[in-house]
Structure formats: structure tokens, C-alpha cells
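Report on one structure; see the data block that follows.
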Amino acid sequence: MRLAYSWLKKYLDLDMPAKDLAEKIERTAVEVDSVTRGDNGLKKIVIGHILSMTTHPDSDHLHICSVDVGEDQPLQIVCGAPNVAAGQKVIVALPNSRIGGNVKIKRSKMRGVESEGMICALDEIGFSKDVVPKEWADGIYVFDDDVPVGEPVYHYLGMDDPIIDLDVTPNRGDMLSILGTVHELAAIYNQHPEIKAPVVNEDPSLRANDEIHATADHQLAKTYKLRVIKGVKIAPSPAWLQITLWNAGVRPINNVVDVTNYILMKYGQPLHSFDQDKIDGDITVRLANQGEKITTLDEEERELSTEDMVIADQKQPIAIAGVMGGFNTQIDDNTKDVVLESAIFDSFHIRKTAQRHVLHSEASQRFERGINPDTVEAAVNEAANMIQQLAGGHIAQGIVTASEYHPELPTIFITAERTNHVLGTDLSLEDIKQIFDRLGFSSESVKDGLNVTIPARRWDIHIEADLFEEVARIYGYDNLPATLPTGRQTIGTLTPTQKIQRASRQILEGLGLTQAISYSLTTEAKASMFLMRDSKLTKLMSPMTQDHSTLRMNILSGLLDDVAYNHAHKVDDVALYETGRVFYKDSDDQVRPEEVEHIAGVLTGNLTDPSWNNHVSPVDFYQLKGIVDQFITNLGVNGAITYTPTDRYPEMHPGRTADIAVHGHYVGFIGQVHPKIAKQFKIKQTYAFELNMQTLIDLPKTDDQYQAISKYPSVKRDISLLVDTSVSNDQVVELMNKRGGAFLHDIQLFDVYEGKNVPNGKKSMAYSLVYVNPRETLKDEVVTAAFEKVKKHLTDELNAEIR
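Using full-length UniProt numbering, you'd call the opening residue of the sequence shown number 1 and step up by one each time.
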């Protein structure tokens with residue numbers, strides 16, 4: 001909400017810099033985005049009078065103008081604006097002046113003709129193109145005849161008026177208006193502004209109820225009122241109204257539309273003006289019918305939903321209620337009779353319609369946050385008066401009322417004791433009553449407290465705590481006493497679960513992965529990928545975007561988005577992990593989803609950087625398997641880690657994916673992302689894992705135990721064996737550990753071979769076995785006996801041939 005300081009001063013005695021006022025508003029009411037002046041950075045820009053104009057000899061669009069700028073001699077200025085003409089009073093940037101964008105204007109030659117300055121358009125001196133009136137949008141701005149020549153232009157364009165831009169929170173919709181802000185400032189500075197109720201000059205020969213009829217569903221429009229003005233003449237608004245609007249960030253259109261926008265800013269009450277001659281029959285407020293369409297004022301054709309609220313005549317919709325008017329009934333240069341609409345529409349329908357059509361307007365913003373029911377009629381009355389003053393015409397007698405709403409004002413009981421207890425103050429009941437008087441709340445003494453009646457303009461106040469806040473705001477947050485909290489101090493510590501979660505991040509980062517954080521909200525398709533258990537979707541009722549409409553049931557899809565983002569920015573080597581919660585529902589009737597802690601990781605490209613002494617190769621399944629294996633091992637989970645091939649994940653490569661289990665408990669999966677999914681995400685070959693971190697946390701753990709390195713020498717024996725290709729390394733290692741004796745310390749596979757000189761269906765595997773006795777030196781016969789036992793069982797149980 002942009003507030004012109006001069007507009008506020010019409011109602012309040014404010015004798016302070018605008019920045020000080022803005023700081024007070026921010027400390028007491030709502031945030032202030034900025035305080036600006038349109039003339040900041042501008043220099044030597046004055047009002048000029050074009051005395052004469054001739055055509056440039058070497059151009060078909062440039063003109064040579066003689067311009068009086070209040071100096072001894074007129075200036076010669078070359079101008080190419082299509083609407084420049086002799087006799088106009090215009091904006092002139094003198095030589096060595098500064099215009100918008102800090103551009104310096106110098107004397108120069110334009111196609112051989114000297115130009116001593118520049119005749120400017122509004123946007124050239126800093127105005128946004130969005131607020132420049134259409135009549136001046138493609139050319140220079142022309143003043144009224146009564147402005148003095150040679151004077152700086154800033155005052156005559158409202159550029160010397162400070163603009164305070166408020167960031168109004170949703171609960172303070174009352175401050176989306178000048179009068180709402182005036183009430184707030186009056187309470188802050190203990191003033192009593194005089195706000196006069198408009199008196200309408202009606203023509204008794206015209207009756208509004210004879211001109212038009214209206215009906216409205218009370219559930220859609222709590223209040224719906226119409227006024228009729230006959231015989232208006234459409235023209236540009238006077239300069240003061242145009243300045244007021246563009247300082248508020250609104251483009252001036254014409255004298256009727258500009259009045260409705262002016263009232264919107266003053267009262268916070270959206271109005272809409274219809275050309276009565278374009279309305280076919282009576283007006284009704286209803287929901288749109290299936291398949292109905294409307295062309296809105298922005299000349300866009302929109303297909304309406306049956307949830308959209310419309311204003312319609314007997315044939316078709318003529319406006320999207322509370323959002324934007326229809327093109328077919330707009331006010332144009334030929335309009336003679338005007339119907340003014342003032343209403344309170346259902347905020348839920350307005351919000352949904354604005355979101356559905358991506359059509360957020362000043363009107364919809366106010367309807368969504370709330371409308372003061374006390375000023376609905378006052379706003380349309382003042383608008384009718386202003387239109388009569390600016391556009392002529394006759395105001396029909398009476399108001400057409402289709403529905404009307406007068407809320408029951410809430411009364412809240414409050415005591416000084418409770419207020420002081422909450423705020424830490426020492427205020428008397430009389431002090432509190434004076435604060436409510438300043439706010440315009442009526443209060444009545446009852447026993448040891450006050451019954452406070454809340455005016456309709458403050459619909460954000462409902463309970464006792466809201467009144468405590470009002471007292472604190474007006475009393476001043478800076479005046480509240482500061483106290484330190486008291487209580488027993490304890491030493492903070494992490495829970496066992498938190499310790500494991502932190503350790504998991506340290507382990508994966510130590511293994512070369514980088515933490516990523518992605519949204520818990522995703523699309524339905526991505527939420528349904530990589531499922532580790534059956535689950536129903538958890539959808540948001542009102543998602544901000546379609547890409548964030550569903551709670552995730554996996555973490556991997558978010559990590560693949562991160563990989564795609566890196567690939568798009570020419571980063572091919574990516575190693576990421578993420579820990580967070582996924583959300584499962586066993587049925588659609590389940591109110592709240594089950595939240596389960598997961599951890600996932602992705603690898604693509606190279607895990608290490610290439611250099612002259614580091615010949616890297618792309619990551620593969622076994623490299624990621626080693627990372628996962630080490631991660632689970634470092635967590636200290638009891639039990640053997642097993643990997644079982646699986647094809648039950650359609651998003652993973654069926655021949656390169658395995659389920660992971662610890663001591664028989666399923667904890668997750670690992671493998672290569674399916675090439676089709678990789679293509680869908682626009683990523684290269686990627687390996688990934690996802691683990692149920694909650695299961696890993698719940699599984700029994702082994703505390704870290706440290707053993708001294710044996711001071712006695714180890715004995716190493718190598719063995720090469722020929723086995724069936726179906727025999728796995730796990731089987732061989734398991735048998736060796738089982739039959740290798742008490743002193744078998746380590747087993748390393750150092751060679752696997754299939755091919756020439758090896759029979760079909762066989763493979764050669766070579767192992768190193770290390771024996772250690774931590775208490776004494778091992779004797780050769782002890783090692784030999786243990787080694788022979790291993791060979792025998794390999795031959796008997798695995799049909800191995802010792803080579």
C-alpha cells in the first residue's frame with residue numbers, strides 16, 4: 001500500500017519527516033518497505049512553454065522547437081515526440097540536468113541542428129510506464145495552461161511528495177486504505193481526525209430502482225449495492241486526481257474509472273463502474289455456469305469455472321466479481337450512464353478465483369483480507385458525488401440494495417491485572433481505557449475490568465490476547481519493561497537419535513558426498529517414485545504451485561532434480577546426499593501421514609578430481625556399495641550387511657539394483673537409476689541409494705571398542721582356487737571365516753579370472769589370508785593346520801579345486 005504523505009496530512013497534524021513517521025508505523029503497526037520521493041536524483045527539470053515549432057530539415061519526424069523556460073532567451077530544442085506542438089507547456093530538462101536513471105542531458109547536435117536540452121515524457125524523468133496515462137504513454141506530457149513557466153516541475157507532478165510503501169500483513173486489511181491508516185496514526189499520536197460522511201446531491205426526478213434491479217446470493221455477496229448516474233461526460237481526470245493515483249501506483253484512465261480507484265485507495269472499498277447502456281436487463285450475483293466465458297478488461301478471454309463468482313446480466317457474465325470487470329461493459333468515451341457497484345464478496349471465492357486465473361488485482365487483494373461493512377455505502381456515495389463533480393450528470397435517487405450485512409460487534413472483557421501480568425506493565429484501568437479511546441474502541445467499566453466493543457473496521461480482533469497486543473502497540477513496545485528469564489539452568493545435550501543423525505552426516509561427508517536440501521513438497525509423479533513401501537499420496541488442499549502439491553514419499557527424486565540442475569550448469573561430477581523425512585499414508589482416510597526419517601545419496605561422473613597423478617574412472621555400482629557399506633558399518637549397527645538383487649523398483653535398473661538388509665532387516669536399496677528415468681530427469685548415468693534411517697536408528701548398536709595392535713608378527717598365506725561361476729565371494733569368505741580358526745585375522749580377494757585356460761562354467765579366485773595371535777608368536781604348524789582345514793572345507797562344501 002503506497003501512502004502519499006500529503007494525503008495523510010489532510011486528516012492529521014503531522015509535523016515530522018516522512019522517514020520518522022515511517023519508523024513509527026513500523027515500530028507500532030506494520031512493516032514499511034520504503035520511503036521514496038520521485039524527485040530524488042533529478043536536477044534542473046523545469047516547465048517550458050513551446051513558442052514555435054518547425055520541421056527538421058533532415059528528418060521526417062524530428063521538430064525544432066523554440067521553448068521559453070523562464071530565462072532571458074528561449075532555448076532551441078530538437079524533439080521527436082509525435083504529440084509535440086506549439087503552445088504546449090511541457091517538461092524540459094535543461095543543459096547539464098539529470099533525468100531518470102541518472103542520465104545527464106548536455107547540449108548536443110541532432111542531425112546537424114543544435115539542441116539545448118530535452119523535452120521529456122513522464123517515464124523519462126523516472127515514472128513507471130505502468131502509471132503513465134495512456135494519452136501520454138507514447139509521447140511527451142503536456143501540462144494544463146495555468147502552470148508557471150520556468151518553475152521546477154516536481155511539485156506540479158507530485159514528485160516532491162514522500163511516498164511511504166507499507167507491507168501490510170494479511171490480518172491488517174484495514175490498513176489497505178488511507179482512512180484505515182489515518183485511524184491507526186490517530187491512535188498512535190492521540191489525534192482526532194475529522195472524517196466527514198458524504199452527502200449525495202440526488203436528482204428527485206430519477207429513481208435508481210426504476211433504472212436497474214439486482215439480486216445476490218447472501219452467501220456470495222453479504223452486501224451488494226448499486227448507484228446510478230445519468231448523463232455523464234467521459235474525459236481525462238484533472239491533474240490533482242491523476243497525481244494522486246499515480247503516486248498510489250495506479251494508472252489514470254478517465255474521470256469515472258479514476259474516481260472508483262481513488263475511493264478504493266481512500267476507503268479500501270473496491271468499486272466497479274458499468275456502462276448502463278451495455279447491461280442487458282437486471283444484474284445478478286451468481287456462480288458461473290459450466291462453459292461460460294468472459295473477456296476481462298485486460299482483453300483476455302477467460303473460461304470460467306463453476307466455482308467462479310460473477311456479476312451477470314440476463315445474457316452473460318459482465319464481470320468476475322471482486323477480481324476484474326468485463327470488457328463488454330467497460331466505461332469508454334461514449335458512455336453516458338454509469339452504474340456504480342459497491343459490495344462485500346465472499347473472500348474464499350475471491351481468493352480461489354484470483355489463484356485459478358492468476359489474476360490478482362487491487363480489488364481482490366482487499367476482498368481477500370476483509371472489507372469494512374460500515375463504509376460500503378459511504379464509499380459509493382462519495383464516488384457518485386465525485387463523478388458528478390468531474391463528469392457532470394445526475395445522480396438517481398436511492399440505492400439499489402440486493403443484500404446488506406451489518407455484523408454484530410464483538411465485546412471482549414479485559415482487566416488491568418491480567419493486562420499487566422501479560423505485558424509486564426503497571427497500567428491502571430483508566431490508562432487502558434484511554435488507549436482504547438484513542439483506538440476508537442468503545443469501552444464500559446464493569447466490576448474490576450472493561451467491556452470493550454470492537455468497531456467493524458477492526459475485524460482482526462476476536463479474543464482477549466488481541467486487546468493485549470493493541471495496548472502494547474499504542475503504549476509502545478519500547479516502553480515495555482525488560483526482564484531476564486529466571487529458572488534453573490541445565491546443560492543441553494543431544495538425544496541418542498540426534499547423535500546418530502549428526503554422525504550420519506559426518507560419515508557421508510567424510511566419504512566424499514555433499515549435503516543437499518530439497519523441498520518436502522513435490523509433484524504426484526515424483527512422490528510416487530522409488531517407493532520402499534506401499535503408500536497413498538498426501539496432497540495439499542491449496543498448493544502454491546503444481547510442482548509443490550504433494551508430500552514426498554522418497555528423497556531420491558529431489559536429489560535427481562539437484563543432479564539435473566548441476567548438469568544444466570555444466571557440472572558433471574556430482575556426489576550428494578540428503579537426510580530428511582518422507583510421508584506415508586496407509587489409506588486415504590488417514591488424517592495425518594506417518595513421518596519416517598530417510599537418508600539417500602546419488603553419484604554421477606567422477607568421485608575424485610582428475611590430476612596428473614590421479615587417473616579417475618566413472619563411478620560404478622561397487623564404488624557406491626562401498627560407501628553404503630562403510631556408512632552402515634560406521635553407525636555401529638549389529639549384524640551382517642547383505643545385498644540381494646531385485647527388480648521391484650521400476651525407477652531402477654533391474655540388473656543393477658539390490659535390496660539392502662542388516663541382520664535380516666530390510667533397510668533400503670542401492671543401484672543404478674533406470675536409463676528411462678535418467679532421460680526423464682535429463683541426467684547422465686547415475687547411481688543412487690535410499691535407506692530407512694529410522695530402522696537404522698532403531699536397530700541395536702555395538703559401542704566402539706578399541707584393541708591394541710598385536711606386537712607379534714602376522715603370517716600370510718595365499719590360496720588360489722577354481723570354483724563354479726555361481727559361487728559368490730560372500731560364500732567363500734563366509735566359509736573361510738567359519739573354518740579358519742581363532743587366529744584368522746583378515747581375508748582379501750586379490751584376483752578373479754575367467755577366460756583362457758579356465759574351463760567353461762568356472763572362475764579362478766585368489767585370496768590372501770592373514771593370521772595373528774595377539775598373545776604370542778604364531779607357530780608355523782598352527783597356521784598350516786588352520787590353512788589346511790580351510791582348503792578341505794572349500795573342496796568339500798564348494799567343490800573348489802585348489803590350484
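Every residue, glycine too, gets a C-beta built ideally from N, C-alpha and C.
Cut-off 6 Å between Cβ atoms - residues of its own chain near residue i, not counting five sequence neighbours on either side
| i | result |
| --- | --- |
| Val422 | Phe468 |
| Ala404 | First, the residue type needs correcting, since residue 404 is Glu and not Ala in the sequence shown. Only Thr223 meet the Cβ criterion. |
| Leu429 | Ala416 |
| Pro252 | Pro133, Ser237, Gln242, Leu245, Asp258 |
Which listed residue (the options) has its alpha carbon closest to that of residue i
| i | options | result |
| --- | --- | --- |
| Ala527 | Val571, Phe583, Asp562, Gln515 | Phe583 |
| Asp33 | Thr169, Met386, Ile709, His674 | Thr169 |
| Gln290 | Val310, Thr284, Val199 | Val310 |
| residue 831 | Leu21, Leu603, Ser535 | Nothing in the structure corresponds to residue 831, since the chain is present only between 1 and 803. |
| Asp744 | Asp332, Val673, Phe681, Lys789 | According to the sequence as given, residue 744 is Leu; it is not Asp. Nearest of Asp332, Val673, Phe681, Lys789 to Leu744, Cα basis: Lys789. |
| Phe631 | Gly668, Ala319, Asp203, Lys684 | Gly668 |
| Arg717 | Met693, Tyr767, Ala81 | Tyr767 |
| residue 806 | Asp161, Leu769, Gly761 | Since the first and last residues shown for the chain are 1 and 803, residue 806 lies out of range. |
| Asp466 | Val752, Arg739, His357, Ile412 | Ile412 |
| Lys447 | Thr415, Ser97, Ile140 | Thr415 |
| Thr375 | Pro270, Ile500, Thr335, Ser442 | Pro270 |
| Lys762 | Lys738, Asn799, Arg457 | Asn799 |
| Gln397 | Asp573, His462, Val199 | Val199 |
| Asn773 | Ile709, Arg458, Gly117, Arg581 | Ile709 |
| Val90 | Thr181, Ile125, Ser59 | Ile125 |
| Ala742 | Val752, Val783, Tyr712 | Val783 |
| Asp534 | Ile140, Tyr649, Asp280 | Tyr649 |
| Gln434 | Ile461, Phe345, Glu470, Glu595 | Glu470 |
| Ile263 | Ala248, Thr608, Pro645 | Ala248 |
| Leu3 | Arg37, Asp13, Arg27 | Arg37 |
Status (buried if at least 16 other CB within 10 Å, exposed otherwise) for residue i
| i | result |
| --- | --- |
| Trp240 | exposed |
| Thr497 | exposed |
| Glu597 | buried |
| Trp246 | buried |
| Met159 | buried |
| Arg107 | exposed |
| Thr538 | buried |
| Gln314 | exposed |
| Arg775 | exposed |
Beta-carbon proximity list for residue i, same chain, < 7 Å, skipping 5 on both sides
| i | result |
| --- | --- |
| Lys266 | Ser177, Ile178, Leu179 |
| Lys278 | Asn328, Thr329 |
| Ser442 | Thr453 |
| Glu801 | Leu721, Leu722 |
| Leu749 | Asn729, Met765, Tyr767 |
Cβ-based neighbour list, residue i, same chain, cut-off 8 Å, excluding 5 preceding and 5 following
| i | result |
| --- | --- |
| Gly636 | Lys701, Thr702, Asp703, Asp704 |
| Gly392 | Gly231, Val232, Lys233 |
| His653 | Gly671, Gln672, Val673, His674, Pro675 |
Check whether residue i and residue j have beta carbons under 8 Å apart
| i | j | result |
| --- | --- | --- |
| Val715 | Tyr771 | yes |
| Val67 | Ile47 | no |
| Val35 | Val69 | no |
| Cys65 | Ile119 | yes |
| Pro236 | Asn254 | yes |
| Ser720 | Ser764 | yes |
| Thr483 | Ala575 | no |
| Leu166 | Met1 | yes |
| Leu556 | Ser520 | no |
| Ser347 | Glu368 | yes |
| Glu324 | Leu359 | What sits at residue 324 in the sequence shown is Met, not Glu. Yes. Within cutoff. |
| Gly80 | His61 | yes |
| residue 806 | Pro162 | Given a span of 1 to 803 for the chain in the structure shown, any question on residue 806 remains unanswerable. |
| Glu341 | Leu226 | yes |
Minimum Cβ-Cβ distance from residue i to chain B less than 8 Å
| i | result |
| --- | --- |
| Ile555 | Judged by its chain identifiers, the structure shown contains no chain B, having just a single protein chain. |
Identified DSSP bridge partners for residue i
| i | result |
| --- | --- |
| Glu341 | Leu226, His272 |
| Lys89 | His49 |
| Pro675 | Answer is none; Pro675 lacks a bridge partner. |
| Gly655 | Gly655 is not bridged to any residue. |
| Asn451 | Phe413, Glu444 |
| Asp718 | Ser768 |
| Met309 | Leu287 |
| Met110 | Val113 |
| Arg2 | Asp165 |
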